[in-house]
Ligand code: BMP
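In this note's numbering, the protein residues as written are 90 to 361.
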């Protein structure tokens, strides 16, 4: 099974350049940690990214949360991405018809496709959401994740919905590099696993402290996510920066803690 192999050796299973880049970055930095930087001020956004940069394979953004957004933020984000060697993932969760998502992805204030290596979409509109986004993202070498499952209590992303998401992804392997999900998807949707089916599983809802946030979020530990559920990347937000956004020392300590927990779980996984 592909996820029992080292990240670096899995790069060859992928034709999409962003999938290769992510796997190679994970291997190079020995980190399967992604930090989700959900803060409203550009200065906090950039200082958290600068603090966690050395410890992560990927930075996940919700760019529309920033209340003082300017193009300069993107310029600085891209600079940090090169300096610290991490992949950028704008968690936009597109969910509209092909024509609309193509415009939302390429245009507007954010022009997401121009700077974000990876973005994601809900499969709810059907395959046209993939072709719409691919018309913009593929020529730029970008990659797409489908939301096959969500981490929240009572999420509707289960059963035949998740199975259909996996089947949609299999038909668009050139652009869909994997899933936002809580477990591996190889055995979902009726097809046996092949090397081709080496989808990347990025998993949010990860925490070493509380089991929830009182607003529906549910947390599992890196060990549960990586070792027991076979996910490839742990996505951690508040578990790393908490409430004190200026305490970069603490943020670094937390990032190191999650990085080590994620990597230990992976090493145990590939050693069996
Ligand atoms: P936190 O670790 O602070 O709970 O943040 C989780 C992040 O992952 C948020 O940015 C949220 O939008 C995202 N996310 C999630 O929590 N669950 C999902 O199923 C999908 C997500 O994108």
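Just so it is clear, CB atoms sit at the ideal spot from N, CA and C, and this is done for glycine as well.
- Counting C-beta atoms within 10 angstroms of its own C-beta, residue 212 has 16 or more neighbours from the protein chains shown and is therefore classed as buried.
- When beta bridges are read from the DSSP output, residue 309 appears opposite 295.
- The secondary-structure analysis by DSSP pairs residue 276 with nothing; it has no beta-bridge partner.
- With respect to the C-alpha of residue 175, the residue from 181, 167 and 133 having the closest C-alpha is 167.
- Taking the Cα positions, residue 131 is about 17 Å away from residue 180.
- A straight-line Cα-Cα distance of about 31 Å links residue 276 and residue 229.
- Distance from the CA of residue 133 to the CA of residue 309, rounded to the nearest whole angstrom, comes to 26 Å.
- Counting along the chain, residue 302 sits inside no alpha helix (DSSP H), nor does DSSP assign it H or E at all.
- A straight line joining the alpha-carbon of residue 147 with that of residue 100 spans about 16 Å.
- The alpha-carbon separation between residue 266 and residue 170 amounts to approximately 20 Å.
- In the structure shown, residue 192 falls within a helical segment according to DSSP collapsed to helix, strand and coil.
- Buried is the label assigned to residue 115, since at least 16 other Cβ atoms lie within 10 Å of its Cβ.
- Within the segment 91 to 178, complete alpha helix (DSSP H) segments of at least 4 residues are found at 96 to 99, 106 to 118, 131 to 141 and 160 to 173, given in chain order.
- The C-beta of residue 238 has 16 or more other C-beta atoms within 10 Å across all chains shown, which makes the residue buried.
- Residue 210 sits in a strand when the DSSP states are folded into three classes.
- For the set 233, 251 and 215, the Cα lying nearest the Cα of residue 207 is the one of 233.
- Taking 8 Å as the cut-off, the beta carbon of residue 359 is found no closer than this to the beta carbon of residue 122.
- According to the DSSP assignment, residue 267 belongs to the beta strand (DSSP E) that extends over 265 to 269.
- The straight-line gap separating the alpha-carbon atoms of residue 274 and residue 288 is approximately 8 Å.
- Taking 8 Å as the upper bound for CB-CB distance, residue 177 and residue 195 are not in contact here, some 16 Å apart.
- Out of 224, 219 and 320, the CA that lies nearest to the CA of residue 185 is found in 219.
- For residue 245, no alpha helix (DSSP H) run applies, since DSSP gives it neither H nor E.
- With respect to the 8 Å criterion, residue 293 and residue 120 are not classified as neighbours on the basis of their beta carbons.
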